[in-house]
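Colleague: Okay, handing you the structure first.
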Amino acid sequence: MDSPPRWLVVGLVLALAASGVLVATLGSSGPYDRTTLTITDEQNATALATVEVRIADSFKKRYTGLSNTTSLGANEGMLFVHDRNAPGYVMRDMAFPIDIVFIDSDGKITRIHHATVDADRTFHGPGRYVLELPYNYTRDNDITVGDRVEIPAEYR
Numbered sequence: 000m001d002s003p004p005r006w007l008v009v010g011l012v013l014a015l016a017a018s019g020v021l022v023a024t025l026g027s028s029g030p031y032d033r034t035t036l037t038i039t040d041e042q043n044a045t046a047l048a049t050v051e052v053r054i055a056d057s058f059k060k061r062y063t064g065l066s067n068t069t070s071l072g073a074n075e076g077m078l079f080v081h082d083r084n085a086p087g088y089v090m091r092d093m094a095f096p097i098d099i100v101f102i103d104s105d106g107k108i109t110r111i112h113h114a115t116v117d118a119d120r121t122f123h124g125p126g127r128y129v130l131e132l133p134y135n136y137t138r139d140n141d142i143t144v145g146d147r148v149e150i151p152a153e154y155r
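Numbering (numbering that gives the first Met the number 0) for the sequence shown: 0 to 155.
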């Protein structure tokens, strides 16, 4: 029996090495950490809402986001944590509309989008964090640009 050509062996070794690097780069998609966030009024620091969130703090978790979720409870959401300003957000494989809230590194809300399922656009805003909430949650709770989100120390 002839041995496989050298180029085939080298190609397979390189492919395996590249896939290992890719897996290490993507990060874990294991279970999401959870925490409670309080959103306060910018004028008087009164609590406007308290939200239970899943934390998306790895590339893979941020990429997947809420795509594998069928709905959010009344006070549920997902907090996306970035090292620097967040990129644009899209409604990839979403089954329900959401509010997309951009938050700067100090916890100040900088932009709010109300995204429908059929939204064929990218949502942008300045900020290191993005908080996804049930659709119209910000309107229903009088949350506006300038209000604050208390980000736990371990995610700052």
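Glycine is no exception: its CB is placed at the ideal position from the N, C-alpha and C atoms.
Beta-carbon within less than 8 Å of Thr69's beta-carbon, same chain only, minus the 5 sequence neighbours each way: which residues are those?
Modeller: Taken in chain order, the residues that qualify are Ala94, Phe95.
Colleague: Taking 8 Å as the threshold, find out whether the region 57 to 76 comes into contact with the region 104 to 121 through three or more Cβ pairs.
Modeller: As far as the Cβ criterion goes, the region 57 to 76 does not touch the region 104 to 121, which means the pair count is below three.
Colleague: Please name the residue, chosen from Glu75, Ile142, His113, Val80, that lies closest to Arg155 on a Cα-to-Cα basis.
Modeller: Nearest option by C-alpha distance: Val80.
Colleague: Helix, strand or coil: which one does DSSP assign to Ala46?
Modeller: Ala46: strand per DSSP, three-state reduction.
Colleague: Under the assumption that Glu149 contacts Thr39 (Cβ atoms under 8 Å), give the Cβ distance between them as a whole number of angstroms.
Modeller: About 7 Å separates the two Cβ atoms, so the contact holds.
Colleague: Can you tell me the Cα-Cα spacing of Glu41 and Asn140, whole angstroms?
Modeller: Cα-Cα distance, rounded: 14 Å.
Colleague: So what's Thr143 in DSSP terms, helix, strand or just coil?
Modeller: Thr143: coil per DSSP, three-state reduction.
Colleague: Counting along the chain, where does the alpha helix (DSSP H) carrying Tyr62 start and finish?
Modeller: Per DSSP, Tyr62 belongs to the alpha helix (DSSP H) from 58 to 63.
Colleague: From the DSSP output, which residues share a beta bridge with Glu75?
Modeller: Glu51.
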